[in-house]
Amino acid sequence: MRSVVWSLMTVAAVALAGCSNSSNPSSSTGADSTEATAPTGPATSVSGTITLRGDIKPSAQDKLDISLIDVTAQGSAPLATKTIAPATTFPMTYELDFNPANVAPNDLYIVQATLTDGDRHYVMPLQAPVLTQGHPTTNVAVQLAPEQTPSEKMLVAFQDVQKQIGGMKRSSGTQLQKDASLAWQVFRDGGEVKFIRELVDYGDKGFTSTDYAYKDGKPWVVQQQKKSGQTAKPSSVDTAGWGDDGSLVLKTHEAGGSTQSLGDDDAANLQQQSKAILNLATGGKGK
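Under mature numbering (1 follows the signal peptide of the UniProt record, and there is no 0), the letters of the sequence shown match residues -17 to -1, 1 to 270, in that order.
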């Protein structure tokens, strides 16, 4: 009796195994006993996010240029480029598509991005290597930081000269005019006039304090404060500066807690004042 039971159990197990194999043909792995996988090709794009450093709000006139550059082959055309204008919302995602056949596997590639907003430029403090040599093609973070504008650079350089006049050779003079009294100090370095500080008292009509800086005997930067009296706080500050080619680079008018662009006529007037005080303070010699 026991031998019959074992025989029946054995038959049932074999039958179940046969059913299992016939009902799941998809479980076969093929002749080489390996599972098939989808082929993976070379990358055809680089993507990521661009952010701006600091509390910055670009204007509607800005333009974002993004490129994929081969820095090994300097001077070669970018692998991909894209321009977005205006680009006012950050963080911003980007994607650069390219032909993988143009990629040199041993070269170094970077994402290069520049944001232009009028005179303001935003550049990458750090490079973003991608694509080759184990560098990523996705989630590539790019950060842009603002550079000083030409006018800001000029103002900083002018302020540096202001701080240095204490070590320069000094001379002074005064002059009484019909409606005002003038006093000035001339600061020279190496025999050349670098700076003149002029104080003009107009009596009950007000007071001006003006700093003039010169390069090669020509007006460089002028900053004029207008006050109700000598010890009063400035009611306005006008600043103008000119490049080596004579073009107006720096022009600001500060009043009432706000800063605006100084008019061209007002800037030209400051330039004429700069020439006049240089002529007066040096007896027409200009040095």
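The beta-carbon is built from N, C-alpha and C at its ideal position, and this holds for glycine as well.
Could you check if residue i is buried or exposed, using at least 16 other CB atoms within 10 Å of its CB as the buried criterion?
| i | result |
| --- | --- |
| residue 214 | exposed |
| residue 109 | exposed |
| residue 221 | buried |
| residue 47 | buried |
| residue 98 | buried |
| residue 87 | exposed |
| residue 227 | exposed |
| residue 54 | exposed |
| residue 138 | buried |
| residue 25 | exposed |
| residue 56 | exposed |
| residue 111 | buried |
| residue 159 | exposed |
| residue 63 | buried |
| residue 251 | exposed |
| residue 259 | exposed |
Starting from the C-beta of residue i, find all residues in its chain whose C-beta is less than 8 Å away, skip the five residues before and the five after it, and write them out in chain order.
| i | result |
| --- | --- |
| residue 121 | 29, 30 and 31 |
| residue 242 | 235 and 236 |
| residue 126 | 33, 34, 35, 36, 107, 108 and 109 |
| residue 248 | none |
| residue 231 | 223, 224, 225, 247 and 250 |
| residue 66 | 46, 47, 48 and 49 |
Short of 6 Å in beta carbon distance, which residues of its chain neighbour residue i, apart from the five on each side in sequence? Order them along the chain.
| i | result |
| --- | --- |
| residue 154 | 169 |
| residue 192 | 182 and 208 |
| residue 68 | 46 |
| residue 166 | 157 and 182 |
| residue 205 | 195, 223, 253 and 257 |
| residue 238 | 219 |
| residue 128 | 36 and 108 |
| residue 78 | 28 and 30 |
| residue 118 | 112 |
| residue 262 | none |
| residue 59 | 53 |
| residue 141 | 196 and 204 |
Near residue i, what residues of its chain come up, given a Cβ to Cβ distance below 7 Å and the 5 sequence neighbours on each side ignored?
| i | result |
| --- | --- |
| residue 27 | 80, 81 and 83 |
| residue 163 | 183, 184 and 185 |
| residue 233 | 134, 137, 138, 204, 222, 223 and 224 |
| residue 264 | 156, 167, 169 and 179 |
| residue 93 | 52, 54, 110, 111, 112 and 113 |
Consider the Cβ of residue i: report whether some Cβ of chain D lies at a distance smaller than 8 Å.
| i | result |
| --- | --- |
| residue 72 | Judged by its chain identifiers, the structure shown contains no chain D, having just a single protein chain. |
Since I believe residue j is in contact with residue i (beta carbons under 8 Å), could you give me their beta-carbon distance rounded to a whole number of angstroms?
| i | j | result |
| --- | --- | --- |
| residue 124 | residue 49 | In fact, because the Cβ distance is near 13 Å, the residues do not count as touching under 8 Å. |
| residue 171 | residue 152 | 5 Å |
| residue 34 | residue 74 | 5 Å |
| residue 90 | residue 115 | 6 Å |
| residue 210 | residue 189 | 6 Å |
| residue 200 | residue 270 | 6 Å |
Spell out a yes or no on whether the stretch 118 to 134 and the stretch 91 to 103 are touching, meaning 3 or more CB-CB pairs, one atom from each, closer than 8 Å.
yes
Check whether the stretch 37 to 45 and the stretch 79 to 96 are in contact - that is, three or more C-beta pairs closer than 8 Å.
no
Three-pair Cβ contact test at 8 Å for the stretch 176 to 185 versus the stretch 139 to 156:
yes
Could you name each continuous beta strand (DSSP E) segment of 3 residues or more that falls completely within the stretch 25 to 60, going from the start of the chain to the end?
28 to 35 and 46 to 53
Runs of beta strand (DSSP E) lying entirely within the stretch 175 to 204, each at least 3 residues, in chain order
175 to 184 and 190 to 198
Just list the beta strand (DSSP E) runs in the stretch 235 to 262, keeping only unbroken ones of 3 residues or longer that don't cross its boundaries, in chain order.
241 to 244
4-residue-minimum alpha helix (DSSP H) runs that sit fully inside the stretch 95 to 157, ordered along the chain:
133 to 147
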